[in-house]
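Residue numbering for the sequence shown follows this note's numbering, beginning at 308 and increasing consecutively.
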Amino acid sequence: METVLVLLLVANHMWLRSAYITLRRANSREMADSQYFDLVRSQLESELIADFGEIADGHLQVYASEVPRLSVLLYRVLIDGGSEPKRVLAADLTTNPNLLTQRREYLAVNRRLIEAGGTIQRLFIAWATDLAREDFARALLPLINHHRSLGVQCGIAVRDRFRADQAIDFVVVSGAAVLVEEDQGDADYTRGRSSVYFKQVDRWTGRFESIWGHGTLSAPFMLQSYEAVVRPMIDAGIWDAARVRTAVNEL
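If you want it as structure tokens, here you go:
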């Protein structure tokens, strides 16, 4: 009888292992912000986002529709958790401003963060040829207006000025995590791939600050210079392509 009971217990244990996910425990102390990491990990485990088990290594890769969900989750944990500073640094490779206006849940959580006393700096990185196009400017400026209405500090940078390893789409959440968009999603996020890193976040903060700049070379100052030329043209319905190209070249 004892032998039969032991065999039943072993069989039951093996069935449970095959039927349920076994999560590796992570060493939170290795992460940039252990409290923030634990909160995100517990959320991912409860929501069963695909491949969340690898988060034990301080890295997570998500695909397609999981990308915007995870972006919102990172903000929510920052708002509701105890991590400080409540600061987000976002670098956007902007090829189609209209896509960014459709991220309603993401924009809503941006507003929540600022209303909770947080700050957001957003850098729109665009090609010089795009910045010189009237249709692009007509889409970009309302997007910037909307972000400013939320309380976001905005700036622009010319992508042509960057090396390939500098022109990266990423979001630094406090000093706790960084979301790196490796394959940009489409309007409905039927494709796209991003990674989240919970270690060595400070180097991404430094990268953002280096391209954000200071003084007359800063991204907000460049945006002001661009707007000073482009906004009056759009308001008047008269587009001077040569003058805009000259202004963009001077950024």
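Glycine included, C-beta positions come from ideal geometry on N, C-alpha and C. Note that the coordinates shown come from a computational prediction; the quantities given were computed from them, not determined experimentally.
With fewer than three CB-CB distances shorter than 8 Å, the stretch 539 to 547 does not count as touching the stretch 513 to 529. Assignment of beta strand (DSSP E) within the stretch 404 to 484, counting only whole runs of 3 or more residues, yields 426 to 433, 460 to 465 and 476 to 480 in chain order. The residue among A439, D547, R445 and R394 with its C-alpha nearest the C-alpha of A423 is R394.
Of L414, V416, L430 and A464, the smallest CA-CA separation from L438 is found for A464. In the pairwise beta carbon analysis, the stretch 382 to 390 is classified as touching the stretch 339 to 347: at least three pairs are separated by under 8 Å. Residue pairing by DSSP places S502 opposite Q368 and V487 in a beta bridge. Counting only the Cα atoms, T408 lies some 34 Å from D364. Around the beta carbon of D340, 16 or more other beta carbons lie within 10 angstroms, which makes this residue buried. A549 sits in a helix when the DSSP states are folded into three classes.
The distance from the Cβ of A398 to that of F515 is about 6 Å, consistent with a contact at the 8 Å cut-off. When N405, R410, R466 and G388 are compared, the shortest CA-CA separation from G425 is found for G388. Note: D399 is bridge-paired with F431 in the DSSP secondary-structure output.
If the five residues before and after R466 are omitted, its C-beta is found closer than 8 Å to the C-beta atoms of L400, I432, A433, W434, A435 and A474, all from its own chain and listed in chain order.
When beta bridges are read from the DSSP output, R394 appears opposite T426. The residue among T402, V479 and H366 with its C-alpha nearest the C-alpha of E391 is V479.
Counting the other CB atoms within 10 Å of its CB gives H366 a total below 16, which places it among the exposed residues. Bounds of the alpha helix (DSSP H) holding S517 are V508 to W519. Between H454 and the set D476, R419, A484 and G499, the nearest pair of CA atoms involves R419.
Annotated as distal: V503 and L530, with beta-carbon spacing of 8 Å or more. In terms of Cβ geometry, Y413 and V379 form a close pair [threshold 8 Å]. In this structure, DSSP gives G389 a state outside helix and strand, which the three-state scheme calls coil.
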